[in-house]
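Trainee: Take a look at this one; I'll ask things after.
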Amino acid sequence: MKYLDNINTPNDIKKLNVDEMNILCSEIREFLLKNVSKTGGHIASNLGVVELTVAMHHVLNCPDDKIIWDVGHQTYVHKIITGRKDRMSTLRQFNGMSGFPKREESIYDVFDTGHSSTSISAAIGIARARDMKNEKYEVVAVIGDGALTGGMAFEALNDIGRCNTKLIVVLNDNEMSISPNVGGLSRYLSKIRTEPRYLSTKKDVENILDHMPLCGKKIKRFLKRIKDGIKKMVVTGMLFEELGFTYMGPVDGHNINELIDAFKKVKNIEGPIMIHVKTKKGKGYRFAEERPDDFHGVSPFDLETGKSIKKTTTPTFSDVFGQKLCEIARDNSNVVAITAAMTDGTGLKGFSREFPNRLFDIGIAEQHAVTMAAGFASNGITPVVALYSSFLQRAYDQVVHDVAMQNLHVVFAIDRAGIVGNDGETHQGVFDAAFLCQIPNVAVMAPSDYREFESMLEYAVNSYDGPVCIRYPRGSSECNVNNSDINVEIGKGIIVEEGKDITLIASGKMVKTSVEVKNILKDKNIDCEVINLRFIKPLDEELILKSVEKTKRAVIIDETVKDGSVALRIIRMIPKSVQVFAVTLPDKYIKQGTIPELLRENGMDSESIANEIIKIFDFD
């Protein structure tokens, strides 16, 4: 690597000319592909922002100037430039470098991100704090066109547009979120990108104004009104300028010259500025350019073919969800599916093909998704809302106020529940059970295997009446649990394995872990009874009490945070004469790593649980 080997801080980029930076960009792409093909990660988004990131660090003076990255999965280039290229082999690995910005990782990471649409709000706070302290530096928020559809982003745009706070918003417009962008804003941006009259007229007007000698403030104001009027004639709305931003663009996001020129210009402009940068997701790697959605987040892959090294034909819970929902929808024309820019990720791709008029992908707008579902339900339609657990957090108020309070029949398919793995703290689905179980009228189920999952989904859609949630894990299920084919009944659990010495109580994938614990302890002559709760709300109190009355010992295995956990609710109902131990996740954010690594580190693998049981309980 002719240039990349000598890049250790952003200052090293400032020494390069444009031709050298173009070569550097090629080297960064090669380096990215080589490393991410081994570790897995978010590759398409990072390939798309190479020139943008290099140009920003060439013009800005980081870490004094602050860059806040929305979502943050596109920060690999930023990390490489800011002294972390030697750690790329540890990307998203246990105890390795995060795939997202981390303040604790580097002074160049200004704000931790992971969920979308937060960057502008954070940047406004940083900029206003700067002004209060009479400091001088640039604050830049980099947000994608997909993330800009999030309601929080609009709230922030509306706020900053009302004042004269200096803030640069870089709109990285690659026409893609995780799934193809949808909605009015996407159409608006497309119009801006493709309107030749606007582009040519804008340049002509700007050239005339820039070279015309000005004779006082009145002429300046008059000429600006002419310029604004012409823009409004050729492009309807001029959304960003109407919001109070100085708009610049679209800028070619792969042209170093244009990018550097844009960032140099805006440094001398007061107030909020919007730089509209057009990029191509997956730039420079054919497979990622052709299939950017497939290369959003990848496992290790073969560079020559673009195919996953760890590709498996085993269906995942997401796959089973999508297939079963299609089956249900064929017989029930009242069923619709709703997701928030996650059609592929939640397994709804097949549903979208078969029922295009009954699939509503509303973009990155989880709050809107939930309240829209409530509207559907209030008018006799059965909506199934498919969201990742960590993203459902964003719509907590809507679940409480718009769905549960009205006791509406909305089905929540909560994907990625429990420990998720390599995306780390921002994506672990460990809070949903705690906050859902405290909401009146809400029922919550957790399947132990595929056949139980299918039965639960059928029951939730066609038999239940009211808000109902099914939380299920990332990945696949390799075998069935005993008795999981028994019909689903509200608030009823089942005995998976009978025993006499100790009761193991679990739900979801922890049921299989409990069976593994039983098999380990069997060699120690300890006979475990295993309960599959099925419903974590309402709980099957009768079944639990009957079992612990027999065994006099109980262990609750609950893959959620301790405070507010199902385990604590069960402990409260069990008589004090019964010895009880709860296995839960600690009161901390769960870092990145593989799911087995994280379970083991937090004492939730079968070996750790079995050892703890032997240590705590007296079986003599």
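If you're matching positions, the sequence shown starts at 0 in numbering that gives the first Met the number 0 and goes up one per residue. Backbone N, C-alpha and C fix where the C-beta goes; we use that ideal spot for every residue, glycine too. On a predicted model such as this, the values are computed, not experimentally measured, just so you know.
1. Less than 8 Å between the CB atoms is what I'm expecting for isoleucine 255 and glutamate 26, so what's the real figure, rounded?
2. In terms of alpha-carbon separation, which member of Pro537, Thr502 and Thr593 lies closest to lysine 545?
3. Cβ atoms of glutamate 269 and asparagine 163: under 8 Å apart, would you say?
4. Please say whether valine 141 and valine 169 have beta carbons closer to each other than 8 Å?
5. Determine, using beta-carbon pairs with one atom in the segment 282-298 and one in the segment 34-53, whether at least three such pairs fall under 8 Å.
6. Closest to isoleucine 556 by C-alpha separation, out of Asp4, Phe30, Gly417 and Thr593, would be which residue?
7. Is it the case that the Cβ atoms of lysine 621 and alanine 442 are separated by a distance below 8 Å?
8. Is the shortest distance between the beta-carbon of tyrosine 284 and the beta-carbons of chain B less than 8 Å?
9. Drop a sphere of 10 angstroms on the beta-carbon of lysine 306, count the other beta-carbons inside from all chains shown, and report buried for 16 or more, exposed for fewer.
10. Spatial neighbours of phenylalanine 30 within its chain, please: C-beta separation below 8 Å, excluding the five flanking residues on both sides.
11. I think alanine 609 touches valine 495, with their Cβ atoms under 8 Å apart; what is that distance to the nearest whole Å?
12. Closer than 8 Å by C-beta to leucine 23: which residues in its own chain qualify, once you throw out the five before and the five after it? Chain order, please.
13. Assuming leucine 23 is part of the alpha helix (DSSP H), what are its boundary residues?
14. Since glutamate 528 sits in a beta bridge, which residues does DSSP pair it with?
15. Between the C-alpha atoms of alanine 385 and serine 115, what's the straight-line distance to the nearest angstrom?
16. Do you know how far the Cα of serine 351 is from the Cα of aspartate 360?
17. Sorted by chain position, which residues of the same chain lie with C-beta nearer than 6 Å to arginine 415's C-beta, five sequence neighbours on each side aside?
18. Could you give the distance in angstroms between the alpha-carbon of threonine 193 and the alpha-carbon of threonine 148?
19. Report all residues from its chain with a CB closer than 7 Å to the CB of histidine 56; omit the five preceding and five following residues, and keep chain order.
20. Please name the residue, chosen from His77, Glu365, Ser332 and Leu324, that lies closest to leucine 347 on a Cα-to-Cα basis.
21. Looking at C-alpha atoms only, which residue of Ala505, Cys478, Tyr471 and Ser462 is the closest neighbour of glutamate 488?
22. According to DSSP, is phenylalanine 616 part of a helix, a strand, or is it coil?
23. Since glutamine 591 and phenylalanine 616 are thought to touch, with beta carbons under 8 Å apart, how far apart are those beta carbons, to the nearest angstrom?
24. Counting C-beta neighbours from all protein chains within 10 Å, is the total for isoleucine 530 16 or more, i.e. buried, or is it exposed?
25. Grab me the residues of glutamine 366's own chain with a C-beta within less than 7 Å of its C-beta, minus the 5 sequence neighbours each way, in chain order.
26. How many whole angstroms separate the CB atoms of leucine 456 and phenylalanine 262, which I take to be in contact at a CB cut-off of 8 Å?
27. Is the beta carbon of serine 483 less than 8 Å from the beta carbon of glutamate 453?
28. Roughly how many whole angstroms lie between the Cα atoms of alanine 624 and aspartate 422?
29. Suppose you measure from the CA of arginine 571 to the CA of glycine 143; what does that come to, to the nearest Å?
30. Just to check my reading of the structure: serine 377 and leucine 407 have Cβ atoms closer than 8 Å, yes? What is that Cβ distance to the nearest angstrom?
31. Terminal residues of the continuous beta strand (DSSP E) containing aspartate 318?
32. Does the count of Cβ pairs from the segment 591-608 and the segment 89-96 closer than 8 Å reach three?
33. Give the DSSP-derived three-state secondary structure of isoleucine 6 in the structure shown.
34. For phenylalanine 411, list the residues DSSP reports as bridge partners.
35. CA-CA distance, serine 298 and asparagine 34?
36. Candidates Glu174, Tyr449 and Glu477: which alpha carbon is nearest alanine 146's?
Mentor: Taking the structure as given:
1. The pair is not a contact, with the Cβ atoms about 14 Å apart (cut-off 8 Å).
2. Thr502
3. yes
4. yes
5. yes
6. Gly417
7. The requested residue 621 does not occur in the structure, where the chain is confined to residues 0 to 619.
8. In the displayed structure, chain B is absent; only one protein chain is listed.
9. exposed
10. Met0, Leu3, Ile79, Lys84 and Met87
11. The pair is not a contact, with the Cβ atoms about 16 Å apart (cut-off 8 Å).
12. Tyr2, Leu3, Ile6, Ile12, Leu15 and Val53
13. 17-38
14. Thr502
15. 17 Å
16. 9 Å
17. Tyr387, Ser388, Gly428 and Arg473
18. A caution first: threonine 193 carries a pLDDT of 42, below 50, which makes its placement in the model unreliable, though a value can still be read off. If you take the alpha carbons of threonine 193 and threonine 148, they lie about 20 Å apart.
19. Pro9, Ile12 and Ile80
20. Leu324
21. Ser462
22. coil
23. Rounded, the Cβ-Cβ distance is 33 Å, inconsistent with contact.
24. buried
25. Gly150, Arg393, Ala394 and Gln397
26. Going by Cβ atoms, the distance from leucine 456 to phenylalanine 262 rounds to 50 Å, so no, they are not a contact pair.
27. no
28. Since the first and last residues shown for the chain are 0 and 619, residue 624 lies out of range.
29. 47 Å
30. 6 Å
31. Note, aspartate 318: premise wrong, no beta strand (DSSP E); alpha helix (DSSP H) at 316-330.
32. yes
33. coil
34. Val384 and Cys468
35. 12 Å
36. Glu174
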